[in-house]
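No gaps in the numbering here: position 228 of the sequence shown is 365 in the working numbering, and each next residue is one more.
All residues carry an ideal CB built from backbone N, CA and C; glycine is no exception.
Shown next, in structure tokens, is the structure this report addresses.
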Amino acid sequence: MPATPHLLIIRRRYLGDIVLLGSLCRNLKLHWPRARIAVLCEPAYADVLTMNADVDEVFHFPAGTTRWPRLIGRLRRARFTHVLDLDNRDKTAFLSRATGAPVRVTQRHAEKVHFPSLYTASERLPAAFLDHRHITDLYLHLLGNIGVPIASREVRLTPRTEDLALAQNLFSRLFPAGRPAGTPLILIHPGSRSPWRVWPPESFGEVISQLIRRRAARVAIVAGPGDQTVVAQIQRHADPGLPVVDQALSLPQLAALFASCDALLCHDSGPMHLAAAVGTRVIALFGSQPLHLWRPVGEKHVTLQPPLPCAQCASPGLCQPHDSYHNHCVRNITVQRVYEAISQALA
């Protein structure tokens with residue numbers, strides 16, 4: 138094997154998953170400092186990897202089937218020594234083989250491996266593997282197939298200088314009078330990819346009202362494209378003049394915004410992992426999704442989850458207790474618990 142391996146990591150999506158690839162890339166670079174690491178992902182998440190110092194190149198999954206031959210040609214010309222396929226779908230299995238890399242590894246959790254003959258090593262992990270492990274342990278387990286030890290569990294992204302400057306300009310416009318010395322700045326990200334996992338706007342509004350009333354912090358909301366309605370509801374329950382960052386931001390710009398505040402209150406989401414990776418203290422609201430599996434990486438974060446199983450269902454007749462994507466358990470987290478968690482995080 139060459140002294141400078143050229144590795145391709147395949148992970149299609151989502152935001153949190155792409156951020157958490159940092160643990161895998163870190164270990165590869167610690168073991169092979171001169172290695173070149175490329176990642177193949179969907180275009181929507183590619184910018185995240187520009188903040189990962191261990192990633193040297195990013196390839197995009199093509200939008201249409203007519204562009205696949207061009208991608209395959211680029212991957213073959215790259216002459217990869219290793220392919221680590223974290224998806225193991227039909228297409229990624231054939232793509233892994235098409236690279237011509239002499240080492241091609243994959244794994245599946247609790248499911249049959251797709252086309253194992255197209256890999257040099259594959260493994261089907263038992264369902265219990267993730268019972269008490271973090272999702273990054275699944276990624277790191279793949280390292281054993283290529284002889285790389287696990288030396289770090291760090292996930293670190295570094296915002297770009299120009300994006301940090303943009304974040305400071307945004308905050309200057311939101312708070313033209315500046316911040317009193319020693320007053321922390323808290324961002325609220327009230328959105329989620331799943332509407333089932335959203336804490337009620339009135340609860341966000343009450344927490345924000347307490348923070349402002351007690352002068353515990355300056356508060357601003359950062360809203361995604363589909364969050365306008367929930368932001369208006371939060372403002373109605375807190376303060377109609379509550380500052381809101383509602384302009385379109387790239388993922389690196391959003392990361393810089395998180396890095397420029399003292400804490401982020403959010404749901405279990407991709408932005409949660411993004412904030413944790415840039416070193417921002419996170420107060421994260423979980424429903425019934427496994428906390429051990431998806432908690433933010435790092436020791437300083439605060440995670441809140443209602444007692445499970447729920448003593449009193451938040452949405453009788455709607456919630457599906459055994460499906461974390463179809464229940465409202467997060468609504469059973471009280472306003473007082475969240476306020477106390479923020480106070481603890483800022484202490």
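Report all residues from its chain with a CB closer than 8 Å to the CB of Arg173; omit the five preceding and five following residues, and keep chain order.
-> Thr141, Pro142, His143, Leu144, Asp193, Glu194
Alpha-carbon spacing of Thr203 relative to Leu212, whole angstroms = 16 Å
Is the stretch 397 to 414 touching the stretch 317 to 334, taking contact as three or more C-beta pairs under 8 Å?
-> yes
For Thr320, which of helix, strand or coil comes out of DSSP?
-> coil
Excluding sequence positions up to five away, which residues of its chain have a Cβ less than 8 Å from the Cβ of Asp227?
-> His251, Phe252
Which ranges would you report for the beta strand (DSSP E) in the stretch 375 to 407 if only whole runs of at least 3 residues count?
-> 400 to 404
Whose C-alpha, out of Val344, Arg216, Pro427, Ala451, is nearest the C-alpha of Thr440?
-> Pro427
Give me whichever residues DSSP pairs with Arg355 in a beta bridge.
-> Leu322
List in chain order: all unbroken alpha helix (DSSP H) runs of 4+ residues lying wholly within the stretch 196 to 225.
-> 205 to 215
Look up Glu194 in the DSSP assignment and give the residues it is bridged to.
-> Ala175
What do you reckon, are the CB atoms on Pro433 and His404 nearer than 8 Å?
-> no
For the alpha helix (DSSP H) containing Ile272, list its first residue and its last residue.
-> 272 to 278
Close beta carbons around Ser406, own chain, < 6 Å, minus the five adjacent residues each side = Ser329
Is Arg350 helix, strand or coil when you go by DSSP?
-> helix
Would Arg150 pass as a contact of Leu158 if the rule is Cβ separation under 8 Å?
-> no
Identify the residues that DSSP records as bridge partners of Gln244: which are they?
-> Glu260
Limits of the beta strand (DSSP E) - the one that Ala181 falls within | Note, Ala181: premise wrong, no beta strand (DSSP E); not H, not E.
With a CB to CB cut of under 6 Å and the five nearest residues on each side skipped, what residues in its chain are close to Ser259?
-> Thr243, Val250, Pro253
Alpha-carbon spacing of His429 relative to Arg270, whole angstroms = 6 Å
Measuring CB to CB, does Gln384 end up less than 8 Å from Leu303?
-> no
Report the option in Gly281, Leu255, Ala247 whose CA atom is closest to the CA atom of Phe266.
-> Ala247
Excluding the five sequence neighbours on either side, which residues of its own chain have a C-beta within less than 7 Å of the C-beta of His374, listed in chain order?
-> Pro338, Glu339, Gly342, Glu343
In the DSSP assignment, what residue or residues form a beta bridge with Thr440?
-> Ala421
Please check the pair Val381 and Val368, which I expect to be a contact at CB under 8 Å, by giving their CB distance rounded to whole angstroms.
-> 6 Å
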